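Numbers given in my numbering equal positions in the sequence shown, counted from 1, plus 289.
Ideal Cβ positions, reconstructed from N, Cα and C, are used throughout, including at glycine.
If you're wondering where the values come from, they're calculated on a predicted model, not measured in any experiment.
Worksheet: one structure, shown below.
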Amino acid sequence: MAELNVNKIITKLNQAFEQQRLIFWYDSDAEFADNMDVISQGLDAEVILMAEREQFKIKLFLENHPNTKYLIYATFVRPDIENNFLTDVEESSLIFTADVYQLLLQELNLPTNQLPFIKEHFKFFGNKSRVARFKKHLNNTVINHPELGIIASILRVDQIQVNAFLKKVLAAGIDNNSFLAEFDKYNVLDYFWQLINQEFGFVPSDNNLVDLVCALYINYTYSQMELDLPQAFDNYKMDHLTNVATFMSSFADSSASQNVFDELSDFVWQKLNLAKFLQKIHMENLLQLNFYTGVDRLILLWIKKRVLVGDLNSLVGEQDLLTICQERQKRTREGRFKAQYRLLTLAIYILKQKFVPYESTAEAIDKYLQTDYQIDSWYRYFIATYQKVGDPNSYKELKEQVSQFYLTRYLNESIKSWNNSFSYRDSQGKHQQSNFYHNYIRPQKDRVVVIISDALRFEIAKELQSTLDQDDRIQMNMDYLISTLPSVTYLGMSALLPHKSLELTDDLNILVDNKLVDTRQKRAQVLKSYNADSEAFGLDELLKCTSAELRTKFVGKKVIYIYHNQIDAIGDNAKTEDEVFNAAQQAINELKQLIHALRTINVSHVLVTADHGFVYRDSQILESDKIDLNLTNPLTKKSRYAVAKEKIEEMGVAVLSLGEVLQNNDERWIYYPKSANVFKTVGSQNYVHGGSSLQEMLLPVLDIKMSSSRSQAQYVELKLGNTNHRVTALEVTLPFIQTAPISDTVLASEFKIYFVDELNQIISTEAHLLVDNQDSRIESRMYRLKLSIKNQSYDRQKDYRLVIENITAGTKEFETFQMDLIISNDVGFDF
290 MAELNVNKII TKLNQAFEQQ RLIFWYDSDA EFADNMDVIS QGLDAEVILM AEREQFKIKL
350 FLENHPNTKY LIYATFVRPD IENNFLTDVE ESSLIFTADV YQLLLQELNL PTNQLPFIKE
410 HFKFFGNKSR VARFKKHLNN TVINHPELGI IASILRVDQI QVNAFLKKVL AAGIDNNSFL
470 AEFDKYNVLD YFWQLINQEF GFVPSDNNLV DLVCALYINY TYSQMELDLP QAFDNYKMDH
530 LTNVATFMSS FADSSASQNV FDELSDFVWQ KLNLAKFLQK IHMENLLQLN FYTGVDRLIL
590 LWIKKRVLVG DLNSLVGEQD LLTICQERQK RTREGRFKAQ YRLLTLAIYI LKQKFVPYES
650 TAEAIDKYLQ TDYQIDSWYR YFIATYQKVG DPNSYKELKE QVSQFYLTRY LNESIKSWNN
710 SFSYRDSQGK HQQSNFYHNY IRPQKDRVVV IISDALRFEI AKELQSTLDQ DDRIQMNMDY
770 LISTLPSVTY LGMSALLPHK SLELTDDLNI LVDNKLVDTR QKRAQVLKSY NADSEAFGLD
830 ELLKCTSAEL RTKFVGKKVI YIYHNQIDAI GDNAKTEDEV FNAAQQAINE LKQLIHALRT
890 INVSHVLVTA DHGFVYRDSQ ILESDKIDLN LTNPLTKKSR YAVAKEKIEE MGVAVLSLGE
950 VLQNNDERWI YYPKSANVFK TVGSQNYVHG GSSLQEMLLP VLDIKMSSSR SQAQYVELKL
1010 GNTNHRVTAL EVTLPFIQTA PISDTVLASE FKIYFVDELN QIISTEAHLL VDNQDSRIES
1070 RMYRLKLSIK NQSYDRQKDY RLVIENITAG TKEFETFQMD LIISNDVGFD F
């Protein structure tokens, strides 16, 4: 037994006398009897040498000397309570020992019954920092189970909880685990495995982490599917499945351990050859799993096959393919297969469409404005998503099928139907692009900002509108224009300027009121000729400005044109045309950024429009789809239009007088395909414009009114519905209500629901819910969530809390519950 030297004893005794008047020292082996003279000389107190059976005598002496400090030293074992007349005195005094184990016991504030623990784990406490970490965890739980303090100190975790221990251990790897080595070094390894057995009802062979991890995942897998564990996995069977579910749910959802969870799921999939077992499972059960990449591959392959054979109405239980894909997008773990499920969702949307020919131009415009534009949006999203899928070859056949359907069953039919009824003469009115300034700008009394985004076709502007609509300080109205023909930049940009005349020169320049407008500076001069307080800027230039710089540029200006060229710059280049849909998303982001910047400098009125739209197909154009327009000497001939002096007739080609478009006496002719076909020419083939189609000619006029006031928007509330606040089973289903529909003042949020105990430790699985319902009917905004409660002892007299955590807003609400559970198994420690 280690001993402290005399000087250390004197120091400790004097420190103790600063707080105590009486100190008792029972040195039963008389180890320090010969040193008492030296010790007494160094003490700030008197020394009494107490012999056996002198307790009563000493007690009387002490009572008669109440103001003096005494060290009462005895060379015998401290008597039992019933034989010790000094018991009551000792209880208010200090019992000193020179035994290092006893000193450590006192330093740690552990009761005397933990002395065997101190002796067994003395090695651990040979380091000051480890002692400090242990003392930080001291509470009633650690006092009763001090091994927990050692484990928590080694792992450096805050919570005394098996789940927290295990997550930290697994993060260190399942081979040559450094934490297990430390547990072994400090004699708590067996205790750790005892904890695991108590928690999950499982003892891995040879106490190895590989078997434990396999057992956790395989039990969680089959419990999630509500299926019995196959006989092949009997050696992995765990008895406490609700505890398994609670741990695995927390393990999967914790930001600190998500990557480890995913790595281990891949390991278990390979180790246990789960593909062999799960590919035989019914799809309805398989859909309950969201943590194996192999399961997602099985589900994706099954859905893809259904789509490719046209079985779009397949059901799994009560879920159709669309619902499955949408739910998987929400549930699939971040970075894993979200793009693939989105791709399939969009494919189903597109392939379910049935085009109905338009009976008139008015009907065509109305249907496109209301619904048909979405088909072009879905195809844009589909191609953009396909380009992000990690294994595009696996979806190449699907992409080709969707692209072929979009081209032949929708786009081509839409363009033919449009041109069967379209008359340029009938479009000349408020919605004619040439009348934009006259109808939208000239009547304005206050400052107006016009953003002209090159090739921002209508459906892209609808997405911009949807994005901006989330801000309650912005009010919008969507109108439309019919572009000029040909639907090209040099004509569309000019038509949007104020003018009395438009003229096309032989070198394809437009004269506005006999002035060239081939640069932004020249366009600014035209604007100023109609309103002196006008200016023109480039959007890229403004995005680089500070608020102060923006405010300076706009001072005194009434009409401001801002030119933006993101989509057309990418699409018109044959080398980059395949990136046009990604450019569309970039354009939306840049427009949104500028509009918000303008709002902050008190710009209250913005109009967003475009010079022309475009047609895009992600497939090679067949020679049979190219029209050989036999013009002798055309002024220009592009994929979707041509201009020439001569007038010819060609099957599938429409002819329009240029003079009718420019409203002058120009005798040249415009040619354009009546279908989605193109003229034989060089240049971009997939991204084209200039012709006559809703996609090329129907342009947005997004009228935006803005306020600089503070947003009144708040995150949506999720409330617990009517329920008994008493839990009587280890699985409980709870009702929730979304209190209001999502709008510009009620923002969607992601919630996490779980139970905690009085120490704020999670005692259930965690349910995630995206609350984003826009329906005004309250019955459609009701949810039911199932939680599994951890299988452990609960106090019926204590309150437990249901946590409704708004992850998006960073807030929590609580509901108090009682746990009225009868635990049949002897599980868990009482902590």
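Range covered by the beta strand (DSSP E) that runs through residue i
i: K685; result: First-last for K685: 685-694, but that is the alpha helix (DSSP H), not the beta strand (DSSP E).
i: S946; result: 942-946
i: T1105; result: 1100-1108
i: A363; result: 359-363
i: P1024; result: 1020-1027
i: Y315; result: 311-315
i: Y713; result: Here Y713 belongs to no beta strand (DSSP E), and DSSP marks it neither H nor E.
i: E335; result: 335-339
i: Y1072; result: 1071-1077
i: K1008; result: 1007-1009
i: L437; result: Unbroken run through L437 is the alpha helix (DSSP H), 436-444; no beta strand (DSSP E).
Span separating the alpha-carbon of residue i from that of residue j
i: M290; j: L404; result: Confidence in M290 is poor, its pLDDT being 33 and thus under 50, which makes the residue's placement unreliable; the coordinate value appears in the next sentence. If you take the alpha carbons of M290 and L404, they lie about 13 Å apart.
i: G1117; j: L1058; result: Residue placement at G1117 is flagged as unreliable, the pLDDT there being 48, under the threshold of 50; the coordinate-derived value follows with that caveat. G1117 and L1058: Cα-Cα distance of roughly 30 Å.
i: N508; j: T535; result: 12 Å
i: G827; j: Q754; result: 21 Å
i: Y695; j: D1046; result: 55 Å
i: S418; j: E471; result: 15 Å
i: L805; j: K915; result: 34 Å
i: E292; j: T386; result: Because E292 sits at a pLDDT of 40, beneath the cut-off of 50, its placement in the model cannot be relied upon, and the following sentence gives the value as read from the coordinates. E292 and T386: Cα-Cα distance of roughly 10 Å.
i: Y819; j: I749; result: 31 Å
i: H434; j: S317; result: 29 Å
i: D857; j: E985; result: 12 Å
i: H788; j: S981; result: 24 Å
i: F566; j: I741; result: 58 Å
i: V295; j: Q448; result: 40 Å
i: I1051; j: N682; result: 44 Å
i: D1119; j: D609; result: For D1119, the predicted structure reports a pLDDT of 49, less than 50, and the residue's modelled location is therefore unreliable. The matter cannot be settled from this model.
i: I771; j: D600; result: 39 Å
i: E868; j: F747; result: 19 Å
i: T674; j: D1084; result: 52 Å
i: H529; j: F489; result: 5 Å
i: A1163; j: I1042; result: Any property of residue 1163 remains undetermined from this structure, which presents the chain solely from 290 to 1120.
i: L800; j: V844; result: 30 Å
i: L658; j: D665; result: 12 Å
i: E307; j: K425; result: 25 Å
Contact belief for residue i with residue j at Cβ below 8 Å, rounded distance in angstroms
i: K1075; j: T1012; result: So it is not a contact: roughly 13 Å between Cβ atoms.
i: L924; j: L991; result: 34 Å between Cβ atoms; not a contact.
i: H978; j: H901; result: 5 Å
i: V596; j: L633; result: 6 Å
i: V942; j: L918; result: 6 Å
i: T621; j: D585; result: 6 Å
i: L383; j: Q309; result: 5 Å
i: M903; j: R669; result: Contrary to the premise, residue 903 reads as Phe rather than Met in this sequence. Actually they are not in contact, since the Cβ atoms of F903 and R669 sit about 11 Å apart, beyond 8 Å.
i: P775; j: I959; result: 6 Å
i: I877; j: I993; result: Between I993 and I877 the Cβ distance is about 14 Å, and since that is not below 8 Å, they are no contact.
Per DSSP, the bridge partner or partners of residue i
i: V977; result: V904
i: A1056; result: I1042
i: Q450; result: Answer by DSSP bridge pairing: none, since Q450 is not bridged.
i: V605; result: Q608
i: D992; result: N766, L896
i: Y852; result: I741, G827
i: A933; result: W958
i: E1094; result: K1041, K1101
i: I916; result: F968
Minimum Cβ-Cβ distance from residue i to chain B less than 9 Å
i: F580; result: Included in the structure is just one protein chain, with no chain B present.
Residue interval of the alpha helix (DSSP H) (run including residue i)
i: L635; result: 627-640
i: T650; result: 650-656
i: M537; result: 530-542
i: K408; result: 404-409
i: K927; result: No alpha helix (DSSP H) holds K927; DSSP gives it neither H nor E.
i: L883; result: 869-889
Which residue spans inside the stretch 735-789 form an unbroken alpha helix (DSSP H) run of at least 4?
-> List check, alpha helix (DSSP H) in window: 747-757, 778-784.
Continuous alpha helix (DSSP H) assignments of at least 4 residues falling wholly in the stretch 796-823 | Listed in chain order, the complete alpha helix (DSSP H) runs (minimum 4 residues) inside the stretch 796-823 are 809-819.
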